[in-house]
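Numbering (UniProt numbering), first residue to last: 1 to 110.
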């Protein structure tokens, strides 16, 4: 099944809430991902441009969208971004396919 890496930032309101009443954010992430039909592989609090990262598995990219809509609509997070992740084996298969179809494309300029 496809893997997705999602990152985001906590809002100021969320930060205040976590200080006032600490909670297990991994448990919360797991709950919404499973409710949407996916699986949470891992959840990390991060430093830098984003505050958290989740690695999830869903049957299809469209299946992760409802979970992210719920999380974003809550007002608890902002700057949510999701990318599809490919395993080494998946990327090797893509390279092999590219080699087979390369001759069918003509670039606009050489």
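For each residue, glycine too, the CB sits at the ideal point set by N, CA and C.
This structure is a prediction, so every number in the text was calculated from the model and none was measured.
(request) For the beta strand (DSSP E) containing residue 57, list its first residue and its last residue. (result) Note, residue 57: beta strand (DSSP E), 52 to 57.
(request) Would you mind reading off the limits of the alpha helix (DSSP H) that contains residue 76? (result) Where residue 76 is concerned, there is no enclosing alpha helix (DSSP H), because DSSP gives it neither an H nor an E.
(message) Taking only three categories from DSSP, how would you classify residue 132?
(response) The structure shown does not extend to residue 132, since the chain is modelled only from 1 to 110, so the question has no answer here.
(request) Could you spell out where the alpha helix (DSSP H) holding residue 97 opens and where it closes? (result) 88 to 101
(message) Quick check on the DSSP output: the beta strand (DSSP E) that includes residue 39 runs from which residue to which?
(response) 39 to 45
(message) Using a Cβ-Cβ cutoff of less than 8 Å, which residues in the same chain neighbour residue 66 once the five nearest sequence positions on both sides are dropped?
(response) Counting only Cβ-Cβ distances below 8 Å, and skipping sequence neighbours, we find 36.
(request) Report buried or exposed for residue 54, applying the criterion of at least 16 other Cβ atoms within 10 angstroms of its Cβ. (result) buried
(request) For residue 14, collect the residues of the same chain with a Cβ closer than 6 Å to its Cβ; drop the 5 residues on either side in sequence, then sort them by chain order. (result) Around residue 14, the same chain offers 76 as residues with beta carbons nearer than 6 Å, after the five sequence neighbours per side are excluded.
(request) Kindly indicate which three-state DSSP category residue 109 falls into: helix, strand or coil? (result) Coil.
(message) What would DSSP say about residue 36, mapped onto helix, strand or coil?
(response) coil
(request) Given a cut-off of 7 Å, decide if residue 83 and residue 5 are closer than it, judged by their beta-carbon atoms. (result) yes
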